[in-house]
Amino acid sequence: MNNKDILELDESLTRKANSDMSQVWAGKVELESGSSGLIPESMPNVLGQTQYIDDITRPAGCLQAVVVLSQSAHGRIRKIHTEEALELDTSVRVILASDIPGTNQIGFNKPDEPLLPESEWDYWGQPLAIVVANSRILARRAASLVRIEGENLPEVIDPREAAAKGDFIFPPRTIACGDVREAFSRCAFIVEGRVDSGGQEHVYLETQGAIAQVI
152 MNNKDILELD
162 ESLTRKANSD
172 MSQVWAGKVE
182 LESGSSGLIP
192 ESMPNVLGQT
202 QYIDDITRPA
212 GCLQAVVVLS
222 QSAHGRIRKI
232 HTEEALELDT
242 SVRVILASDI
252 PGTNQIGFNK
262 PDEPLLPESE
272 WDYWGQPLAI
282 VVANSRILAR
292 RAASLVRIEG
302 ENLPEVIDPR
312 EAAAKGDFIF
322 PPRTIACGDV
332 REAFSRCAFI
342 VEGRVDSGGQ
352 EHVYLETQGA
362 IAQVI
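Here the sequence shown is numbered in my numbering, starting from 152 and rising by one per residue.
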């Protein structure tokens with residue numbers, strides 16, 4: 152196949168994949184267990200055409216951001232001290248929850264995850280502040296000077312224990328597709344048990360990042 156044939160095949164399969172997944176999400180098409188469905192990103196990934204964060208040319212004057220993370224599983228924020236970080240260089244800025252002018256939410260489909268917490272953090276490594284500077288090294292140095300004044304709170308790290316206590320950070324969200332009882336009624340064998348699975352984001356091949364540009 153020449154390059155033209157490959158590009159035409161890529162476009163054709165991508166269109167089909169987008170159409171297939173739209174049908175699935177609309178509930179018009181069901182994928183049986185064990186079957187394969189086309190994913191729109193498959194062909195660009197295989198052909199090396201996918202653009203990742205490091206492939207993007209940074210615009211002139213681009214600032215680098217580093218996140219200040221919580222150091223315990225649960226705690227209350229009393230004050231975030233930024234004075235030392237801001238004194239490091241004139242390019243340094245520290246962004247807190249109170250600096251966000253719009254909706255402080257990054258939840259997918261449901262507003263259940265703030266970009267930066269206002270009063271409490273809910274897991275180890277949760278972003279508490281964002282430090283920007285004109286270089287990554289400088290941003291990291293400034294981030295190390297941000298001091299979180301707070302107190303640790305009791306933590307529940309077993310989801311089943313949290314469910315039994317009704318101790319939810321946000322109300323539970325259930326995603327359902329199809330009729331499980333009806334499907335079981337057609338099964339020759341049913342194996343019962345318990346499976347624990349951590350939360351996952353599917354498909355990603357890299358850590359996430361972004362470039363924001365004022366227009």
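For glycine and all other residues, C-beta sits at the position ideal for the given N, C-alpha and C.
Computed from a predicted model, the values in this text were never measured in an experiment.
Query	Result
Applying the criterion that 16 or more other CB atoms from any shown protein chain within 10 Å of the CB defines a buried residue, is P322 buried or exposed?	exposed
Rank P210, V243, G349, Y203 by C-alpha distance to the C-alpha of A290 and give the top, closest one.	V243
Where does L267 land, buried or exposed, given buried means 16+ other C-beta within 10 angstroms?	buried
To the nearest whole angstrom, what separates the beta carbons of P278 and V331, a pair I think is in contact under 8 Å?	The pair is not a contact, with the Cβ atoms about 37 Å apart (cut-off 8 Å).
What are the complete beta strand (DSSP E) segments, minimum 3 residues, inside the segment 240-320?	244-246, 278-284, 298-303
Which same chain residues end up closer than 8 Å to R229 when comparing Cβ atoms and leaving out the 5 residues on each side of it in sequence?	E300, G301, E302
Cβ atoms of W275 and A224: under 8 Å apart, would you say?	yes
Between the C-alpha atoms of D263 and A211, what's the straight-line distance to the nearest angstrom?	35 Å
Hey, quick one: how far does the beta strand (DSSP E) through V217 stretch, first residue to last?	215-220
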